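J.:
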Amino acid sequence: MTYLLDTNVISEVMRRDPHPQVFSWFSRLNVIPTSVICLEELVFGLRRRSLYAKEAWLRRLLADKGCVYPVSDSAAHWSGERRAAAELQGTKLHQADALIAACAWEHGLVLATRNTRDFESLGIALFNPFA
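In our numbering, each residue's number is its place in the sequence shown (first place is 1) plus 1.
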């Protein structure tokens with residue numbers, strides 16, 4: 002099973018006291034697959050709090066074991082369709098979440114996230130390493 006790690010999974014393992022189950026699962030991964038959207042969210046969160054040592058750790062992690070998926074034209078199209086459908090149904094689907102889901106959809110990956118509810122309606126495979 003190949004995963005795409007959501008922002009909340011990677012940020013969890015960067016905490017001083019990460020969730021033990023998440024840390025154990027994460028430690029067994031040979032590759033750290035994430036999306037360019039998650040990378041942007043992580044860097045933004047670290048920079049706004051001046052956590053440069055953690056940013057350096059993230060850079061080393063991704064240089065050694067990372068696979069950062071881009072957003073392609075087809076993923077952007079899929080994302081836009083899902084966001085429009087959600088809005089027409091009276092619900093909100095955040096752009097970042099839709100693009101992350103689109104990366105998982107395009108590459109046939111299981112999205113590993115704590116926020117499975119945010120993605121349930123999108124028809125992608127989900128895994129909650131916190132559960």
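Ideal Cβ placement from N, Cα and C applies to all residues, glycine included. Bear in mind the structure is a predicted one, so any value in this text is a computation, not a measurement.
Tell me where the beta strand (DSSP E) around THR159 begins and ends.
T.: A query on residue 159 cannot be resolved here, the shown segment of the chain reaching from 2 to 132 and no further.
J.: With H, G and I counted as helix, E and B as strand and the rest as coil, what does DSSP make of GLY124?
T.: The answer is coil: DSSP assigns GLY124 none of H, G, I, E or B.
J.: With a cut-off of 8 Å on the beta carbons, I'd call ALA76 and LEU5 a contact; round off their distance for me.
T.: So it is not a contact: roughly 11 Å between Cβ atoms.
J.: How about THR114 and VAL69: do their beta carbons lie closer than 7 Å?
T.: Cβ atoms of THR114 and VAL69: not closer than 7 Å.
J.: When the Cα atoms are used, what is the spatial distance from GLY67 to SER80?
T.: Taking the straight line joining both Cα atoms gives about 23 Å.
J.: Hey, VAL111 and THR3 are a contact pair by Cβ (cut 8 Å); roughly how many whole angstroms apart?
T.: Going by Cβ atoms, the distance from VAL111 to THR3 rounds to 7 Å, so yes, they are a contact pair.
J.: Considering just the uninterrupted stretch of the beta strand (DSSP E) at VAL69, what are its terminal residues?
T.: 67-70 is the span of the beta strand (DSSP E), which, as asked, contains VAL69.
J.: Verify whether the separation of the beta carbon atoms of LEU123 and ALA97 is less than 7 Å.
T.: Taking 7 Å as the Cβ cut-off, LEU123 and ALA97 do not qualify as a contacting pair.
J.: Specify whether the stretch 82-98 and the stretch 43-63 touch according to this definition: at least 3 beta carbon pairs, one from each stretch, less than 8 Å apart.
T.: The answer is no - the stretch 43-63 does not touch the stretch 82-98, with fewer than three Cβ pairs under 8 Å.
J.: Given that a residue counts as buried once 16 or more other Cβ atoms are within 10 Å of its Cβ, and exposed if not, what is ALA132?
T.: It counts as exposed.
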